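Residue numbers (numbering that gives the first Met the number 0), protein chains in the order written: chain A, 0 to 370; chain B, 0 to 387. Yeah, the Cβ is synthetic: ideal placement off N, Cα and C, and Gly gets one too. Remember, predicted model here, so these are calculated numbers, not experimental data.
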Amino acid sequence: MGEKNRKLEKVLDLIGQKGFDGLVIYSSGTCSILGPSYLHYFAEARPLGRRNGAVVTRHGKVTLLVEPAWDAGRMAASWVEDVQGTSSFPDELVRVLDEEGLTGTVGLVGGREMAEEVYEKIAEKVTLEPADGIIESLAREKTPLEMEHVYRASRIADIGFEAFLREARPGMKETEIVAEMEYAMRAEGADDIFILISSGPHNYEMHEPTDRRLRQGDIIIGEITPVCEGQFIQLCRTVALGLPAPVVFEKYRMLLHALDESLSVIRPGVESSAMSRAMNRVISEAGYGKYCYPPYMRARGHGFGVGSIAPGGVIDDETKTPFERLQVVVVHPNQYIPETGYLACGETVLVSSNGIERLAATETKLYVKEV
Amino acid sequence: MKTMQPALKNGRNVWDTIAMPREEFEARIDHVRSAMRERGIDLLLVHTRGLDDYGDATYLTNFIIRLPRGILLALPLTGEPVTFFEGASRGIPSLKLTASAGDLKAANDLAKDCAKYLKEKKLVPSSVGLAGVKQMPYQQYQTLMADLDGCALKDASDLIAGLRRIKSARESDQVRRSSRILGKLIAYLKESRFDKLNERRVEALLYKEARLEGAEDFRVLIGKASMATWAFRPIDDLPIHAGDRVVFYMAVEFERYWAEAMRTFSFTGSILAEEKTDDISSRYEALCNGLKPGKKVSAFVDEASVVMGAEGTKLLEPYGLGSGVGLGLCEAPLLVNESTDTLAEGMLVSLRMATMDHGGCTMLGNTVCVTAGGGVILTVEPPKPEER
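1) Please state the DSSP three-state secondary structure of A:M0.
2) Could you check if B:K8 is buried or exposed, using at least 16 other CB atoms within 10 Å of its CB as the buried criterion?
3) Rounded to the nearest angstrom, how far is the Cβ of B:R11 from that of A:P310, given a contact under 8 Å?
4) Would you say B:D41 and B:S125 are within 9 Å of each other, going by their C-beta atoms?
5) Could you check which residue in B:T77, B:T97, B:L158 and B:K295 has the C-alpha nearest to that of B:E254?
6) Given a threshold of 16 other Cβ atoms within 10 Å of its Cβ, counted over all protein chains shown, does A:R49 qualify as buried or as exposed?
7) Taking just the CA atoms, how far does A:F160 sit from A:L254?
8) Whole angstroms is fine: what's the gap from A:L371's alpha carbon to A:T142's?
9) Are the C-beta atoms of B:Y206 and some chain A residue less than 9 Å apart?
10) Just to confirm, are A:L92 and A:I121 a CB contact at a threshold of 9 Å?
11) Which chain B residues sit within Cβ distance under 9 Å of A:S31?
12) Over what stretch of residues does the alpha helix (DSSP H) that includes A:D131 continue unbroken?
13) With 16 as the cutoff for other CB atoms within 10 Å, does B:T339 come out buried or exposed?
14) Pull up the DSSP beta-bridge partners for B:S84, would you.
15) Verify the CB distance criterion: does B:V13 have a CB-CB separation below 9 Å to chain A?
16) So with CB distances below 7 Å, who are the chain A contacts of B:Q402?
17) Quick one: using the 10 Å Cβ neighbour count with 16 as the cut-off for buried, is B:L314 buried or exposed?
18) So A:T209 contacts chain B; which residues on that side make the cut at Cβ distance below 9 Å?
19) Considering only the beta carbon of each residue, do B:I5 and B:P67 sit closer than 9 Å?
20) Contact criterion: CB-CB distance below 9 Å. Does A:M0 meet it with respect to chain B?
21) Identify, in the order they occur along the chain, each residue of the same chain with its Cβ nearer than 8 Å to the Cβ of A:P67, setting aside the five sequence neighbours on each side.
22) With DSSP as the reference, please indicate the residues paired to B:H46 in a beta bridge.
23) Let me know the secondary structure DSSP gives B:W257 once reduced to three states.
24) Am I right that A:I219 and A:V238 are in contact with their C-beta atoms under 8 Å? What's the rounded C-beta distance?
25) From B:K38 to B:S156, what does the alpha carbon distance come to, in whole angstroms?
26) In whole angstroms, what is the alpha-carbon distance linking A:F322 and A:S36?
27) Relative to the C-alpha of A:P243, which candidate in A:I194, A:E338 and A:Y290 has its C-alpha closest?
28) Would you list, in chain order, the members of the stretch 52-77 of chain A that have their beta-carbon closer than 9 Å to a beta-carbon of chain B?
29) I believe B:I159 touches B:V45 by the beta-carbon criterion, under 8 Å. Please report the beta-carbon distance rounded to the nearest angstrom.
30) By Cβ distance below 7 Å, which residues in the same chain neighbour B:P292 in space, the five residues on each side in sequence not counted?
31) Could you tell me the distance, in whole angstroms, from the CA atom of A:E249 to the CA atom of B:D112?
32) Would you list the one or two residues that DSSP bridges to B:F154?
33) Excluding the 5 residues flanking A:T318 on each side, which residues of the same chain have their C-beta closer than 8 Å to its C-beta?
34) Which residues mark the beginning and the end of the beta strand (DSSP E) in which A:C227 is found?
35) Does the Cβ of A:M180 have 16 or more other Cβ atoms within 10 Å, making it buried, or fewer, making it exposed?
36) Run through DSSP, which three-state label would B:K223 get?
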């Protein structure tokens, strides 16, 4: 039995358990670093337009509706056989519900993306009940195909960092270095790129690139995040242009220690807050506890995935969700330190049976580029 | 044209206050407030979502969301506008560098946080104009409606969109800047030599060139126009073979303003040779000449069908003849038969054309400015040294 049929079978089983007439899996066509893409996961094709949805009946009939209509041919690459293009999504969704005889309670997956203009139309026909948990439970453990995308994205992240290190030099604009990194990663097959950067003698945060030109003595920090088939992998790295002050090495060593401590607690069954607490403990003991929490710091990590980003979009000291095997998690003691400014230090790891597997090959250290 | 939204606007994030000074935004807010008074609206709530349709809020404050999330802007008749955005407060200092007016507030729930603020500031109950709120996620919409209980709600979805139809001189200049980048990309495609060509590589090269020219956002679609049936789609891991006819749809955003262009090429095995015969050029010129102020859009669409012929019109049907371009790639006026709009000087539109020959389909598209003398193409290649 193929993976696709397994997905449908599990969905049908869960529809039955919940007593739903059917299921609507909705997508606004966006791909978020901090949110799952349920329809992309289920249909194994990423929609392009603003309104898309799959209708699954409890008998196993699946219809995929996509907008704009001209995108239906591309979306036919999905395992779903009945792919229909539309230019009036809400009306067509109602038509499909009618044709399939769905009149009772229908589960809604991806409702957080569903605009009121769509919801009000279908709510006239059926009773909608939030059902994100159906895909979440399916997607909890990544499939072999997803794991291929994870490793592919990891290799591309390494290539992105190589470009970062190779191209960074005085006189170059932030926009130019991002252009080079993006080129390197797209040429290797990244579908999309998420890059934040900051440069200067004392950084306060990472942001999108500006026209600032790099100077000798700058600290450059970056989040390098390629995407393959919806799977993000992130590297957080710091490069000094020229030998930095000893205090920068000292504080970076402290962050590496915080990273190691936090990685050492990760294993299946451990509450994910333990990772955040381990990190914050090291940084607090170094005297920077105040900078571990808002407004300076929000999350100490988060999950990545297409169908599920468990253990969540925010891992902080309060996150109860436990780690599970085959979760992909970024762990980043990125930190503002008054003496050095913001430093970037972070890894994406795969939760394994007894710990973690680092996904990128790029060494975690303070990089110094001679200029 | 719909394209895949990125996970983040990765490109240059700069507000050039000489090109688009604060006074421009102040004047816009004044215009919007005049319209609010005329309609008896005390408070305008503008919702935008994602990285394509942010225009109504950006028009007032230059603020743009960098992740594909939501914004809810509250503009009272007096006092500063306040923009609520889905995101973390940590980024506010850098976000403020490109916002022209008002306060920025990070929100976990746009509806709840905004409604709480409106109550605290005693801006509700009042007469509230709503723009774009039906595009809010339904849970947020329902929360907002419950919190606006007691207010007189008025549809104001056309209020800012109407003001955006005709561009100011500064807006036209911004679109010219986006168009200039597209012109360079077209020239780059025509002038580059390739041993082997695959879609990924072309996409990566185009992104790099666009970013180096300052593109805040860049989109590209491809169509293999020599195939019997084809459609535009995002780039894939596919080769481009010698003899393939490919159509590139490209769109560039520069400092918030978009422009688009389409070009058709045949890959010779080493270069991308543009498919542009005299017949195509003269037909496109005829289309541009017809873009005259005072003409009904519907009449122009009819004329365009005649110029393109039945086959061309059918080929273009899924994508449309074009639309207004500015803070969005698809804004008023839509170039459709059903339009009740009239063309006016200062409108900027995308204008697409399709024709069919023995080798397949050829598409040509540009961003065009409506002038008294007809449409002027903005997405032109830079002059070669000998032409300067």
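Short version:
1) If you number the first sequence from 1, residue 0 of chain A lands on position 1. Legend: pLDDT at A:M0 = 44, less than 50; position of this residue unreliable, value from coordinates given subsequently. Coil.
2) Here the question's residue 8 of chain B lines up with position 9 in the second sequence. When all chains shown are included, B:K8 counts as buried.
3) Working through the second sequence from its first residue, we reach residue 11 of chain B at position 12. Working through the first sequence from its first residue, we reach residue 310 of chain A at position 311. The pair is not a contact, with the Cβ atoms about 35 Å apart (cut-off 8 Å).
4) By one-based count along the second sequence, residue 41 of chain B stands at place 42. By one-based count along the second sequence, residue 125 of chain B stands at place 126. Taking 9 Å as the Cβ cut-off, B:D41 and B:S125 qualify as a contacting pair.
5) By one-based count along the second sequence, residue 254 of chain B stands at place 255. When each option's Cα is compared against that of B:E254, the closest is B:T97.
6) Here residue 49 of chain A refers to the residue found at position 50 when the first sequence is read from its first residue. Looking at its Cβ environment, which holds 16 or more other Cβ atoms inside 10 Å, A:R49 is buried.
7) Along the first sequence, one-based indexing puts residue 254 of chain A at 255. Along the first sequence, one-based indexing puts residue 160 of chain A at 161. Their Cα atoms are separated by approximately 19 Å.
8) Here chain A comprises residues numbered 0 to 370, so residue 371 of chain A is not present and cannot be evaluated.
9) Walking along the second sequence from the start, residue 206 of chain B turns up at place 207. Yes, contact with chain A.
10) On the first sequence, residue 92 of chain A is found 93 positions in, with the first residue counted as 1. On the first sequence, residue 121 of chain A is found 122 positions in, with the first residue counted as 1. Yes, the pair counts as a contact, with Cβ atoms nearer than the cut-off.
11) Along the first sequence, one-based indexing puts residue 31 of chain A at 32. Simply A6, L66, P67 and R68.
12) Reading the first sequence from its first residue, position 132 is the one you call residue 131 of chain A. Here the alpha helix (DSSP H) through A:D131 covers D131 to A138.
13) As a first step, residue 339 of chain B is located in the second sequence; it is residue number 340 there, counting from the start. Under this definition B:T339 is an exposed residue.
14) Residue mapping note: residue 84 of chain B aligns to position 85 of the second sequence, counting from 1. The sequence as given places Phe at residue 84 of chain B; Ser does not occur at that position. Its beta-bridge partners are B:I70 and B:A105.
15) As a working note, residue 13 of chain B is residue 14 in the second sequence. Yes, because at least one Cβ of chain A sits closer than 9 Å to the Cβ of B:V13.
16) Outside the shown range of chain B (0 to 387) lies residue 402 of chain B, about which nothing can therefore be said.
17) Position 315 of the second sequence, counted from the start, is the residue given in the question as residue 314 of chain B. Under this definition B:L314 is a buried residue.
18) Indexing the first sequence from 1 puts residue 209 of chain A at position 210. Per Cβ cutoff of 9 Å: R11, N12, V13, S93 and L96.
19) Along the second sequence, read from residue 1 onward, the residue named residue 5 of chain B stands at position 6. Along the second sequence, read from residue 1 onward, the residue named residue 67 of chain B stands at position 68. A small fix is needed here, since residue 5 of chain B is Pro in this sequence, not Ile. Yes, they are a contact pair.
20) As a first step, residue 0 of chain A is located in the first sequence; it is residue number 1 there, counting from the start. Residue confidence for A:M0 is low, a pLDDT of 44 falling below 50, so the modelled location carries little weight and cannot support an answer.
21) Counting from 1 along the first sequence, the entry for residue 67 of chain A is found at position 68. For A:P67, where only same-chain residues beyond five positions count, the Cβ hits under 8 Å are L47, G48, G84 and S86.
22) Counting from 1 along the second sequence, the entry for residue 46 of chain B is found at position 47. Per DSSP, B:L71.
23) On the second sequence, position 258 is the one that residue 257 of chain B refers to. In this structure, B:W257 counts as strand in the three-state DSSP scheme.
24) Against the first sequence, residue 219 of chain A aligns to sequence position 220. Against the first sequence, residue 238 of chain A aligns to sequence position 239. Their Cβ separation, rounded to whole angstroms, is 5 Å, which keeps A:I219 and A:V238 in contact under 8 Å.
25) Taking the first residue of the second sequence as position 1, residue 38 of chain B is located at position 39. Taking the first residue of the second sequence as position 1, residue 156 of chain B is located at position 157. Per the sequence shown, residue 38 of chain B should be read as Arg rather than Lys. Taking the straight line joining both Cα atoms gives about 12 Å.
26) Residue numbering aside, residue 322 of chain A sits at position 323 when the first sequence is read from its first letter. Residue numbering aside, residue 36 of chain A sits at position 37 when the first sequence is read from its first letter. Using only the alpha carbons, I get a separation of about 20 Å.
27) The residue labelled residue 243 of chain A in the question sits at position 244 within the first sequence. Among A:I194, A:E338 and A:Y290, the Cα nearest to that of A:P243 belongs to A:E338.
28) E66, P67, A68, W69, D70, A71, G72 and R73
29) Along the second sequence, read from residue 1 onward, the residue named residue 159 of chain B stands at position 160. Along the second sequence, read from residue 1 onward, the residue named residue 45 of chain B stands at position 46. That belief holds up - the Cβ atoms of B:I159 and B:V45 are roughly 7 Å apart, short of 8 Å.
30) Walking along the second sequence from the start, residue 292 of chain B turns up at place 293. Excluding positions up to five away in sequence, the list reads L342, A343, E344, V369 and A371.
31) The residue you call residue 249 of chain A lines up with position 250 of the first sequence. The residue you call residue 112 of chain B lines up with position 113 of the second sequence. When rounded, the distance between both Cα atoms is 41 Å.
32) Position 155 of the second sequence, counted from the start, is the residue given in the question as residue 154 of chain B. Just to set this straight, residue 154 of chain B is Asp in the shown sequence, not Phe. B:D154 pairs with B:L129.
33) Translated into positions along the first sequence, residue 318 of chain A becomes position 319. The answer, listed in chain order, is E270, S271, S272, S275, P310 and G311.
34) Residue mapping note: residue 227 of chain A aligns to position 228 of the first sequence, counting from 1. Segment I218 to C227, the beta strand (DSSP E) holding A:C227.
35) Against the first sequence, residue 180 of chain A aligns to sequence position 181. A:M180 should be labelled buried.
36) Indexing the second sequence from 1 puts residue 223 of chain B at position 224. It is a strand residue.
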